[in-house]
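A.B. asks:
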Amino acid sequence: YLPCIIEPLRSCNGLIPVVLEVGEWDTKGLTKLIQSNELSIREFLAYWIHIYEALNLHLYQESYRTQRLVSVEELCDLSGLSLAHFSHPFVSHVLKPWIEMTQSNYPETAMSIVFLRPPRIFSLIWK
Numbered sequence: 018y019l020p021c022i023i024e025p026l027r028s029c030n031g032l033i034p035v036v037l038e039v040g041e042w043d044t045k046g047l048t049k050l051i052q053s054n055e056l057s058i059r060e061f062l063a064y065w066i067h068i069y070e071a072l073n074l075h076l077y078q079e080s081y082r083t084q085r086l087v088s089v090e091e092l093c094d095l096s097g098l099s100l101a102h103f104s105h106p107f108v109s110h111v112l113k114p115w116i117e118m119t120q121s122n123y124p125e126t127a128m129s130i131v132f133l134r135p136p137r138i139f140s141l142i143w144k
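Position one of the sequence shown corresponds to residue 18 (the numbering used here), numbered consecutively onward.
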C-alpha cells in the first residue's frame, strides 16, 4: 500500500538514500483496511516502528563503521500524486497518527528530503 525502498546500503557522504514512491501509494485501499478493522492503526504503526527501528540500527552501524554521523536522504517520487491520495479519512485516521508517532519518536533522522517529479497540485498540498 505504501511502496518504499530502504536498502541497507553503505552510506555515501554520510547519507543513506530512502526512496518513497508517494505517487504509487494506495491510500484509499489502506484507509479501507483500517476503517473496516482488517488492519488496526496499532498494527500499522507497529509495522512502521519496526521499519524505523531497523533503519535507525543501520544508521547507528554505519555511523560506527564510518566514524561519522550517518543520516537518511529521503527521495520522494511524487509522479502520479493527486489530491485523491489525501482524502480526509486517510489524513485523519492514518497520516496524522503516523506523523505524530514518527515525529515524537524518530526526530532528526533525515538530513534532507528531495521531491522528485512533483505535479502541479504539490504546491497546494505543501501549503
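For every residue, glycine included, the Cβ atom is placed at its ideal position computed from N, Cα and C.
Do V35 and L74 have their CB atoms nearer than 8 Å?
C.D. replies: no
A.B. asks: Please name the residue or residues paired with S88 in a DSSP beta bridge.
C.D. replies: L32
A.B. asks: Could you give the first and the last residue of the continuous alpha helix (DSSP H) run that contains S80?
C.D. replies: First-last of the alpha helix (DSSP H) with S80: I58 to T83.
A.B. asks: By alpha-carbon positions, which one of S57, Y69 and S28 ends up nearest to E125?
C.D. replies: Y69
A.B. asks: With DSSP run on the structure shown, which of helix, strand or coil describes S109?
C.D. replies: helix
A.B. asks: What did DSSP end up calling S129 once you bin it into helix, strand or coil?
C.D. replies: strand
A.B. asks: Spatial neighbours of L86 within its chain, please: C-beta separation below 7 Å, excluding the five flanking residues on both sides.
C.D. replies: G31 and S80
A.B. asks: What residue range does the alpha helix (DSSP H) around I142 cover?
C.D. replies: F139 to W143
A.B. asks: Would you kindly report the start and end of the unbroken alpha helix (DSSP H) that includes L95?
C.D. replies: Counting along the chain, L95 falls outside any alpha helix (DSSP H), and DSSP gives it neither H nor E.
A.B. asks: In the structure shown, what three-state DSSP assignment does L50 receive?
C.D. replies: In this structure, L50 counts as helix in the three-state DSSP scheme.
A.B. asks: If I'm right that M118 touches L62 with Cβ under 8 Å, what's the distance once you round it to whole angstroms?
C.D. replies: 5 Å
A.B. asks: In this structure, what does DSSP give as the bridge partners for I22?
C.D. replies: Its beta-bridge partners are V36.
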